[in-house]
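Asks:
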Amino acid sequence: MEIDNLQGIYEKRIDLFKLNEFKIKKQLVLLSFLRFISFILSIIVIVLLNKQFSIFLLGILFFLFSLFIAGVIFYLKKTEVLNHFKNLIRINSDEINVLNNDFSGFNNGEEFINRDHAYSYDLDLFGEGSLFQYLNRTVTLVGRELLAKKLLNITKESSFVENQQKGITELNPKIDWRQNFIATAYSCPVTKDDNKKINDWIEQPVYYLKRVFFKIIVVLLPAVTLSFLVLLLAGISSYMWFVFFGLLQLFIASLLLRKTNEEQRIVTEELRILKNYSKLIKRIESEEFSSEVLKKLQNNLKTGDLKAEAAFKKLIKIIDAFDTRLNMILGVVLNATLMWDLYSVMRLERWKIKYGQNVKQWVKVIAEFDFYCSLSNYAYNNPDFIYPTISDQMILETENLGHPLIPETKRVNNNFKIENPGEIDIITGANMAGKSTFLRTVGINLILAMTGAPVCAKKFNFRLMDLYSGMRTADSLKENESYFYAELKRLKKIVEKLQVGEATFILLDEILKGTNSIDKAEGSKKFVEHLILLKATGIVATHDLTLCDLQKTHPQNIKNKCFEVEIHGDKIKFDYKLRAGITQNMNASVLMRQMGIFTN
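Counted from 1, the sequence shown has number 676 at position 133 by the working numbering; the numbering is strictly sequential.
(1) State the DSSP-derived secondary structure class of L991, mapped to helix, strand or coil.
(2) Are the segment 898-914 and the segment 676-695 touching by the rule of at least three beta carbon pairs closer than 8 Å?
(3) Does the separation of the CB atoms of K1002 and E940 fall below 8 Å?
(4) Got a sec, what are the start and stop residues for the alpha helix (DSSP H) F628 sits in?
(5) Let me know if F1048 comes out buried or exposed under the rule of 16 or more other beta-carbons within 10 Å of its beta-carbon.
(6) Run through the DSSP bridge pairs and tell me what A1122 is partnered with.
(7) Using only the alpha-carbon positions, how far apart do A996 and S673 sit?
(8) Among N920, C1105 and D1052, whose alpha-carbon lies nearest the alpha-carbon of A973?
(9) Under the assumption that L982 contacts I1082 (Cβ atoms under 8 Å), give the Cβ distance between them as a whole number of angstroms.
(10) Among V786, Y930, N804 and L858, which one has its Cα closest to the Cα of L869?
(11) Taking C-alpha atoms, which residue in Y1026, F959 and L1050 lies nearest to K1056?
(12) Below 8 Å between beta carbons: does that hold for Y662 and G986?
(13) Measuring only the C-alpha atoms, how far is F582 from K620?
(14) Taking DSSP as the reference, what is the three-state secondary structure of V733?
(15) Would you report the Cα separation of Y930 and D558, rounded to the nearest angstrom?
(16) Out of F617, R578 and I552, which has the shortest C-alpha to C-alpha gap to F611?
(17) With a cut-off of 8 Å, do at least 3 Cβ pairs link the segment 590-607 to the segment 615-634?
(18) Is L844 closer than 8 Å to Q722 when the C-beta atoms are compared?
(19) Can you confirm whether the segment 887-899 touches the segment 849-866 when touching is taken to mean that 3 or more C-beta pairs between the two stretches lie within less than 8 Å?
(20) Identify the residues that DSSP records as bridge partners of I1082: which are they?
(21) I938 CB to nearest chain D CB: under 8 Å?
(22) Take L948 and list the residues in its own chain whose beta-carbon comes closer than 7 Å to its own, dropping the five residues that flank it on each side.
(23) Secondary structure at E1022, three-state DSSP: helix, strand or coil?
(24) Output the distance between the C-alpha atoms of L625 and L817, rounded to the nearest integer angstrom.
(25) Return the first residue and the last residue of the alpha helix (DSSP H) that S917 is part of.
(26) State yes or no: is the C-beta of D968 within less than 8 Å of the C-beta of K1102?
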């Protein structure tokens, strides 16, 4: 599928949603007019009733009042639908921007940048223009954290990778479901504080249900109070008893007021989040999935006979009922007759006991689907990318391997193969010839492969291994260490990982950059020889051609490959194609002349 075709699909969707948006706006205008007319007519009827009472006019007033309330309710519902269509328009507009290589509107995950991570900093996984930003369509905080976690912690379990592939493959064509899921969450962003408050409330132990006194009075006092009310209305009892028990309930409510207010504040603040989670869960529960991984996630939303969405709806109803106490008059009446505050808090505690332990699991399911939506969207936008094949034989075998973040019109693909453990490919080439980009191309596609996502290649067979890189070392003023020492620490970590026998694919770019050329050449050679002894597998990019001599002494382990440039006078041509052998051309002096650093 060509980019133009994809853009056409997104444009058609925008046109459809704009048409629906226009229809909803017309309906909102009609509803506003209906409310206005019913309000004006109600005032007229009230004036007429004030002049002369009539059952007929009272009935009309009731009808107009009901019409006004219905108009308000429908207006709010239609406004919600309108916002949903606006979100869908935004989603498809964003995807058109992505097809035109502008994905700056998405969260770039800069909070996950870690210079000490095994590979993420070297491979630009996070930050502006990063792989994370390109992939990220998550709309929940837990989903964003899960996407980052899976990119940072690649797996070596083939069943896990294959299941992720199946989940991504199934959601790929479900563009309506994916976009509706995303649009639903757009209306209610969640912060870290929101998640923390919900978790803290869930984990907070119940108080009232553990005390027999409260369990008794919440039933007994309202029963006695209402009994005296009935007797009072029947003319059997004095109003004093009803007033006494009513005041007693208000006195108890006042003693518990501080704790009750705090409980209500917490749940009311998080009501919008709970409603949003409920809507997302409803979308998950109402969809039919065929892959085992997605069906299993869907089943995790069930608790006995009750589904998660129904449980959340119960909680929302309890909170909405609890909030009636905010009306001062109604709050006094309810607490004087029904011990409303205590009754409501105990209802919340019962819900927490029954369902609280499942909330974290339900939120994790939302996060998983949020993650799958991101990678399925990536797969949808790149229909020419392929799902890699896990191999027990070949370390890495690719055809037409390219960097997924480089536009297709500018991307240069290469074939690359490492057959056996212990093979190290030494890649040489001039400045800007493509060595570092190629290392990142291999690294990023390996990460995508082990996350279950499609890769930018025509063929991609790989063995599941850990990944470790040494490409972009930086000095640290905070830790008082030099650039060179920081690089040595990085290399030491790689050696330690290899020494414990963990299968690891390494990516090294210009070893020992922080020392002089003679020392660098000797140190680099000894380090690569040590890697050979440790049976390391991977790629070493370098300008140091003396490293290529290692192929003579270690022909089974070392293979020389290069990126070449064509130099014609002061003109340089890069083709970015990987070749066998050692580079023959260097270009530093030519580039310096071109930039006017010197003229001779």
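All residues carry an ideal CB built from backbone N, CA and C; glycine is no exception.
Replies: So, from the listed chains and residues:
(1) Within the sequence shown, residue 991 is the residue found at index 448, counting from 1. It is helical.
(2) yes
(3) Sequence index remark: in the sequence shown, residue 1002 carries index 459 (1-based). Sequence index remark: in the sequence shown, residue 940 carries index 397 (1-based). It is a contact, given that the beta carbons lie within the stated cut-off.
(4) Position 85 of the sequence shown, counted from the first residue, corresponds to residue 628. F628 -> alpha helix (DSSP H) spans I598 to L642.
(5) Working through the sequence shown from its first residue, we reach residue 1048 at position 505. Buried, by the Cβ-count rule.
(6) Against the sequence shown, residue 1122 aligns to sequence position 579. Note that residue 1122 is Arg in the sequence shown, not Ala. The partner list for R1122 (beta bridge, DSSP) reads C1105.
(7) The residue labelled residue 996 in the question sits at position 453 within the sequence shown. The residue labelled residue 673 in the question sits at position 130 within the sequence shown. For A996 and S673, the distance between alpha carbons rounds to 16 Å.
(8) As a first step, residue 973 is located in the sequence shown; it is residue number 430 there, counting from the start. When only C-alpha atoms are compared, the closest one is C1105.
(9) Here the question's residue 982 lines up with position 439 in the sequence shown. Here the question's residue 1082 lines up with position 539 in the sequence shown. The Cβ separation is near 6 Å, so the contact holds.
(10) Taking the sequence shown and counting its residues from 1, the one referred to as residue 869 is at position 326. Minimum Cα distance to L869 is reached at N804.
(11) Taking the sequence shown and counting its residues from 1, the one referred to as residue 1056 is at position 513. Among Y1026, F959 and L1050, the Cα nearest to that of K1056 belongs to Y1026.
(12) Translated into positions along the sequence shown, residue 662 becomes position 119. Translated into positions along the sequence shown, residue 986 becomes position 443. In this structure, G986 lies closer than 8 Å to Y662 by Cβ.
(13) Residue mapping note: residue 582 aligns to position 39 of the sequence shown, counting from 1. Residue mapping note: residue 620 aligns to position 77 of the sequence shown, counting from 1. Taking the straight line from one Cα to the other gives about 20 Å.
(14) Numbered from its first residue, the sequence shown carries residue 733 at position 190. It is coil, neither helix nor strand.
(15) Mapped onto the sequence shown, residue 930 falls at position 387. Mapped onto the sequence shown, residue 558 falls at position 15. So the two alpha carbons sit approximately 32 Å from each other.
(16) For the purposes of this step, residue 611 is taken as the residue at position 68 of the sequence shown. Residue R578 is the option with its Cα nearest to F611.
(17) no
(18) The sequence position of residue 722 within the sequence shown is 179, counting from 1. The sequence position of residue 844 within the sequence shown is 301, counting from 1. In this structure, L844 does not lie closer than 8 Å to Q722 by Cβ.
(19) yes
(20) Locating residue 1082 in the sequence shown gives position 539, where the first residue counts as 1. DSSP, once it has assigned bridges, lists D968 and L1050 as partnering I1082.
(21) Absent here is chain D; the protein component of the structure consists of one chain.
(22) Working through the sequence shown from its first residue, we reach residue 948 at position 405. Within the same chain, L948 has close Cβ partners L674 and Y677.
(23) Along the sequence shown, one-based indexing puts residue 1022 at 479. Unreliable placement is indicated for E1022, whose pLDDT of 49 sits below 50; no coordinate value is reported for it.
(24) To locate residue 625, count along the sequence shown from 1; it is residue 82. To locate residue 817, count along the sequence shown from 1; it is residue 274. So the alpha carbons of these two residues sit roughly 21 Å apart.
(25) For the purposes of this step, residue 917 is taken as the residue at position 374 of the sequence shown. Looking at the DSSP string, the run of the alpha helix (DSSP H) that includes S917 is W883 to N924.
(26) Taking the first residue of the sequence shown as position 1, residue 968 is located at position 425. Taking the first residue of the sequence shown as position 1, residue 1102 is located at position 559. Result yes, Cβ atoms of D968 and K1102 sit closer than 8 Å.
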